[in-house]
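*Asks:* Residue numbers (the working numbering): 6 to 452. Would you mind keeping the following structure in view while I ask a few things?
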Amino acid sequence: MRAFPKDFVWGVACASYQCEGAWNEDGKGPNIWDDFCHDPTARHIRDGSSGDVACDSYHRCREDVALMKEHGVKAYRFSISWARVIPDGDGPVNEKGFAYYDGLVNQLLEAGIQPMVTLYHWDLPSALHHKGGWLNRQIVEAFGRYARIVARHFAGRVKTYMTINEPQCVTSLGYGSGEHAPGLKLSQRELARIYHILCLAHSEAQRQIKAVDPQALVGIVPCGRLCYPRQDTPENREAAYRATFDLSRDWVFTHNIVLDSLIRKGYDPSIPAVLRQFADTIDPADWTQMETPDFIGINVYNGVMVDQTGSAVENYPGFPLTGCKWPVTPEVMRYAPQNIYRRYGLPIYITENGLSCNDRVHLDGQVHDPDRIDFLHRYLLELKKGMDEGAPVKGYLQWSFLDNFEWSLGYTERFGVVYVDYPTGRRIPKDSARWYAQVMNTNGECL
Ligand code: NOJ
Numbered sequence: 006m007r008a009f010p011k012d013f014v015w016g017v018a019c020a021s022y023q024c025e026g027a028w029n030e031d032g033k034g035p036n037i038w039d040d041f042c043h044d045p046t047a048r049h050i051r052d053g054s055s056g057d058v059a060c061d062s063y064h065r066c067r068e069d070v071a072l073m074k075e076h077g078v079k080a081y082r083f084s085i086s087w088a089r090v091i092p093d094g095d096g097p098v099n100e101k102g103f104a105y106y107d108g109l110v111n112q113l114l115e116a117g118i119q120p121m122v123t124l125y126h127w128d129l130p131s132a133l134h135h136k137g138g139w140l141n142r143q144i145v146e147a148f149g150r151y152a153r154i155v156a157r158h159f160a161g162r163v164k165t166y167m168t169i170n171e172p173q174c175v176t177s178l179g180y181g182s183g184e185h186a187p188g189l190k191l192s193q194r195e196l197a198r199i200y201h202i203l204c205l206a207h208s209e210a211q212r213q214i215k216a217v218d219p220q221a222l223v224g225i226v227p228c229g230r231l232c233y234p235r236q237d238t239p240e241n242r243e244a245a246y247r248a249t250f251d252l253s254r255d256w257v258f259t260h261n262i263v264l265d266s267l268i269r270k271g272y273d274p275s276i277p278a279v280l281r282q283f284a285d286t287i288d289p290a291d292w293t294q295m296e297t298p299d300f301i302g303i304n305v306y307n308g309v310m311v312d313q314t315g316s317a318v319e320n321y322p323g324f325p326l327t328g329c330k331w332p333v334t335p336e337v338m339r340y341a342p343q344n345i346y347r348r349y350g351l352p353i354y355i356t357e358n359g360l361s362c363n364d365r366v367h368l369d370g371q372v373h374d375p376d377r378i379d380f381l382h383r384y385l386l387e388l389k390k391g392m393d394e395g396a397p398v399k400g401y402l403q404w405s406f407l408d409n410f411e412w413s414l415g416y417t418e419r420f421g422v423v424y425v426d427y428p429t430g431r432r433i434p435k436d437s438a439r440w441y442a443q444v445m446n447t448n449g450e451c452l
């Protein structure tokens, strides 16, 4: 295949709670995932585990960066644990916490790997949760301060920030279904309020980052339903576009609530009644506070096939599924970036893509994962089609480099291109790590 653009960014992604471990070391404060996993009154995690140790990346960061370098990784998207650098969220700074990220960032830079920092990948400092968390508007200021402290600290070293990862999951899983920390089950009205506060927090963080590091690029990583056409006809494409942003289906799990707030500075007229009622209570001045990000990060795992009328086409019996039973739908990677670009007109990064497989160490001591190679290969071919058709995608970050703690599924699902033997911490690059290295090293030409 023809190579990707010369400056295309190839990399891998992970998040603090999912890989770092060291949950109570060097002055780190507790966060809502520590509390959720340690909750003595309920078993929230499928295998009863926690991120206490995870991949132990806190202590093995040198080894991990060396492995990334060996595999030709060009960019590493990781998140900062807010409670590691500001233990109670809005009080004193923990220099030892920063020392860890200094080590990581410096090693990445020495290895020629671009650090891409997510500020919030779900591990809210417990102290802020006890003040109301994302329901309390005061968090906007605390998040802005945190962003400013981080951006000032890394100015000149970190050039790309993502403020909030998947505000839709923060809201719907953390405060709606209760599957994720902090495990609350609130009304749709309250979820609307959380969305609004998350958008204000993104905006404040973006302003604060730019104030101390005007060169920095600031994005956000939303998620939600992504539809693709059954047939590649203009009518069906149009139907897929409309279905992707159709608020009458499930407004909570869509890209538009967050992105319309930030970029269009208001909600779409088609919002459902519950959102309309909430919208009526918003101070109009709030909309002037919303900051348009420099780019949009999208996490693409699967999509919904729709027909010409925009109705979902049911998957046939025996439809290909990943380890955690998510449908394998490579076509979404062609259409989603085009649809997001058509509505919002901003550059795009694929900030996550990958799958969990039933990986294990084979008799020969290696981890063979042909399903992962096939999956990534198919999605990347479709991505290239979408780019050739006009989607301005600047980079692709595979989720994830290492197997890691998959939230409420614990360690039961493995997403890495590198296998982690949790009892010993040993890393074993899977076949897919070598395959992806070749993709990165040939700028996609080998696909
Ligand atoms: C999206 C989330 O950002 C990440 O934390 C998670 O592990 C992957 N999806 C896979 O579920």
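The C-beta atom is built at its ideal place from N, Cα and C for all residues, glycine as well. Please read these numbers as outputs of a predicted model, since none were measured by experiment.
Per DSSP, Met73 is paired with what?
*Replies:* What you label residue 73 is simply residue 68 of the sequence shown in a count that begins at 1. The partner list for Met73 (beta bridge, DSSP) is empty, contrary to what the question assumes.
*Asks:* Since Ile225 is in the beta strand (DSSP E), which residue starts that stretch and which ends it?
*Replies:* Residue mapping note: residue 225 aligns to position 220 of the sequence shown, counting from 1. Per DSSP, Ile225 belongs to the beta strand (DSSP E) from 222-226.
*Asks:* Over the uninterrupted beta strand (DSSP E) stretch that includes Tyr200, give me the two end residues.
*Replies:* The residue labelled residue 200 in the question sits at position 195 within the sequence shown. Looking at the DSSP string, Tyr200 is not in any beta strand (DSSP E); the run it does join, the alpha helix (DSSP H), is 193-217.
*Asks:* Work out the CA separation of Ala216 and Tyr125 for me, nearest whole Å.
*Replies:* What you label residue 125 is simply residue 120 of the sequence shown in a count that begins at 1. What you label residue 216 is simply residue 211 of the sequence shown in a count that begins at 1. Their backbone Cα atoms lie some 19 Å apart in a straight line.
*Asks:* Tell me which same chain residues have a C-beta within less than 6 Å of the C-beta of Lys435, skipping the five on either side of it?
*Replies:* Reading the sequence shown from its first residue, position 430 is the one you call residue 435. If we look at Lys435 and ignore the five residues flanking it on each side, its Cβ neighbours are Val372, Asp374, Val422, Tyr424.
*Asks:* For Gly328, tell me which candidate among Gly102, Met338, Met295, Tyr306 has the shortest Cα-Cα distance.
*Replies:* For this step, residue 328 is matched to residue 323 along the sequence shown. Of the candidates Gly102, Met338, Met295, Tyr306, the one whose C-alpha sits nearest the C-alpha of Gly328 is Tyr306.
*Asks:* DSSP on Leu326, reduced to helix/strand/coil?
*Replies:* Counting from one through the sequence shown, the residue named residue 326 turns up at place 321. The answer is strand: DSSP assigns Leu326 an E or B state.
*Asks:* Among Lys74, Thr46, Asp40, whose alpha-carbon lies nearest the alpha-carbon of Arg439?
*Replies:* Working through the sequence shown from its first residue, we reach residue 439 at position 434. Cα-wise, what sits closest to Arg439 is Lys74.
*Asks:* Which same chain residues, not among the five before or five after Tyr151, have their C-beta less than 8 Å away from its C-beta?
*Replies:* For the purposes of this step, residue 151 is identified with residue 146 of the sequence shown, where counting begins at 1. Closer than 8 Å at the Cβ level, and outside the excluded window around Tyr151, lie Trp87, Val90, Ile91, Gly94, Asp95, Leu124, Ala210.
*Asks:* Nearest by alpha-carbon distance to Val337: which of Tyr105, Ala248, Ala290 is it?
*Replies:* Translated into the one-based positions of the sequence shown, residue 337 becomes position 332. For the residues Tyr105, Ala248, Ala290, the minimum Cα distance to Val337 belongs to Ala248.
*Asks:* May I ask you to list the residues that DSSP assigns as paired with Trp404?
*Replies:* Translated into positions along the sequence shown, residue 404 becomes position 399. Answer is Ala18, bridged to Trp404.
*Asks:* Pick helix, strand or coil for Lys399, following the three-state DSSP scheme.
*Replies:* Taking the first residue of the sequence shown as 1, we reach residue 399 at position 394. Strand, per DSSP.
*Asks:* Report yes or no: is there a C-beta of chain D within less than 8 Å of the C-beta of Gly53?
*Replies:* Considering every chain present, this structure includes no chain D. It has just one protein chain.
*Asks:* Counting only the same chain and skipping the five closest in sequence on each side, list residues whose C-beta sits under 6 Å from that of Leu388.
*Replies:* Position 383 of the sequence shown, counted from the first residue, corresponds to residue 388. Counting only Cβ-Cβ distances below 6 Å, and skipping sequence neighbours, we find Met338.
*Asks:* Shorter than 7 Å, the distance from the beta carbon of His126 to the closest heavy atom of ligand 1, or not?
*Replies:* On the sequence shown, residue 126 is found 121 positions in, with the first residue counted as 1. Flag set: Cβ of His126 near ligand 1.
*Asks:* Please report the residue range of the beta strand (DSSP E) in which Arg153 lies.
*Replies:* Numbered from 1 along the sequence shown, position 148 holds the residue referred to as residue 153. Element bounds for Arg153: not the beta strand (DSSP E) but the alpha helix (DSSP H), 144-159.
*Asks:* Verify the contact flag: Thr296, CB atom, against every heavy atom of ligand 1, threshold strictly below 7 Å.
*Replies:* In the sequence shown, counting from the first residue as 1, residue 296 sits at position 291. It is worth fixing the name first, because residue 296 is Glu in this sequence and not Thr. Outside the cutoff, so no.
*Asks:* Using 8 Å as the cut-off, can you tell me whether the segment 139-149 makes contact with the segment 192-207, which would need three or more C-beta pairs spanning the two stretches below that distance?
*Replies:* Contact holds: three or more Cβ-Cβ distances are below 8 Å.
*Asks:* Under three-state DSSP, which class holds Pro2?
*Replies:* Here the chain has residues from 6 to 452 only, and residue 2 is not among them.
*Asks:* Which of the three DSSP states is assigned to Asp379 in this structure?
*Replies:* For this step, residue 379 is matched to residue 374 along the sequence shown. Here Asp379 sits in helix by DSSP.
*Asks:* Here's the rule: buried if 16 or more other CB atoms are within 10 angstroms of the residue's CB, otherwise exposed. What is Val155?
*Replies:* For this step, residue 155 is matched to residue 150 along the sequence shown. Result: buried.
*Asks:* Do Ala59 and Gln23 count as a contact pair if the criterion is CB distance below 8 Å?
*Replies:* In the sequence shown, residue 23 corresponds to position 18, counting from 1. In the sequence shown, residue 59 corresponds to position 54, counting from 1. For Gln23 and Ala59, yes; Cβs fall inside 8 Å.
*Asks:* With which residues is Gln112 paired in a DSSP beta bridge?
*Replies:* By one-based count along the sequence shown, residue 112 stands at place 107. Partner(s): none; Gln112 has no beta bridge.
*Asks:* Could you have a look at Ala8 and say whether DSSP puts it in helix, strand or coil?
*Replies:* Numbered from 1 along the sequence shown, position 3 holds the residue referred to as residue 8. Note: Ala8 maps to coil in three-state DSSP.
*Asks:* Compute the distance between the beta-carbons of Asp57 and Ser131, then report whether it is under 8 Å.
*Replies:* The count along the sequence shown starts at 1 and reaches residue 57 at position 52. The count along the sequence shown starts at 1 and reaches residue 131 at position 126. No, the pair does not count as a contact, with Cβ atoms beyond the cut-off.
*Asks:* At which residues does the beta strand (DSSP E) containing Phe300 begin and terminate?
*Replies:* Residue 300 sits at position 295 when you count from the first residue of the sequence shown. Segment 300-304, the beta strand (DSSP E) holding Phe300.
*Asks:* Please determine, among Cys362, Ser62, Leu452, the residue with the shortest C-alpha to C-alpha distance to Leu109.
*Replies:* Looking up residue 109 in the sequence shown gives position 104. Of Cys362, Ser62, Leu452, the residue nearest in Cα terms is Ser62.
*Asks:* What residue from Cys228, Gly149, Pro172 has the CA that sits closest to Ser208's CA?
*Replies:* Residue mapping note: residue 208 aligns to position 203 of the sequence shown, counting from 1. Checking every option, the nearest Cα to that of Ser208 belongs to Gly149.
*Asks:* Quick check: the segment 356-368 against the segment 310-320, are at least 3 beta-carbon pairs closer than 8 Å?
*Replies:* No: the two stretches stay apart, fewer than three of their Cβ pairs being nearer than 8 Å.
*Asks:* For Arg281, report the span of its beta strand (DSSP E) as first-last.
*Replies:* Numbered from 1 along the sequence shown, position 276 holds the residue referred to as residue 281. Unbroken run through Arg281 is the alpha helix (DSSP H), 278-284; no beta strand (DSSP E).
*Asks:* Which whole-angstrom value describes the C-beta separation of Ala244 and Gln294, a residue pair presumed to lie in contact below a C-beta threshold of 8 Å?
*Replies:* Walking along the sequence shown from the start, residue 244 turns up at place 239. Walking along the sequence shown from the start, residue 294 turns up at place 289. 35 Å between Cβ atoms; not a contact.
*Asks:* Could you check which residue in Tyr246, Gly117, Asp218, Leu386 has the C-alpha nearest to that of Tyr349?
*Replies:* For the purposes of this step, residue 349 is taken as the residue at position 344 of the sequence shown. It is Tyr246.
*Asks:* Can you tell me whether DSSP reads Phe103 as helix, strand or coil?
*Replies:* For the purposes of this step, residue 103 is taken as the residue at position 98 of the sequence shown. Helix.
*Asks:* Let me know the beta strand (DSSP E) ranges lying completely inside the segment 327-378, each 3 residues or longer, listed in chain order.
*Replies:* Counting whole runs of 3 or more residues, the segment 327-378 contains the beta strand (DSSP E) stretches 353-357.
*Asks:* Along the chain, which unbroken stretches of the beta strand (DSSP E) at least 3 residues long are found entirely within the segment 404-432?
*Replies:* As far as the segment 404-432 is concerned, its whole beta strand (DSSP E) runs of at least 3 residues are 423-426.
*Asks:* Specify the secondary structure class of Tyr233 as computed by DSSP and reduced to three states.
*Replies:* Position 228 of the sequence shown, counted from the first residue, corresponds to residue 233. Tyr233: strand per DSSP, three-state reduction.
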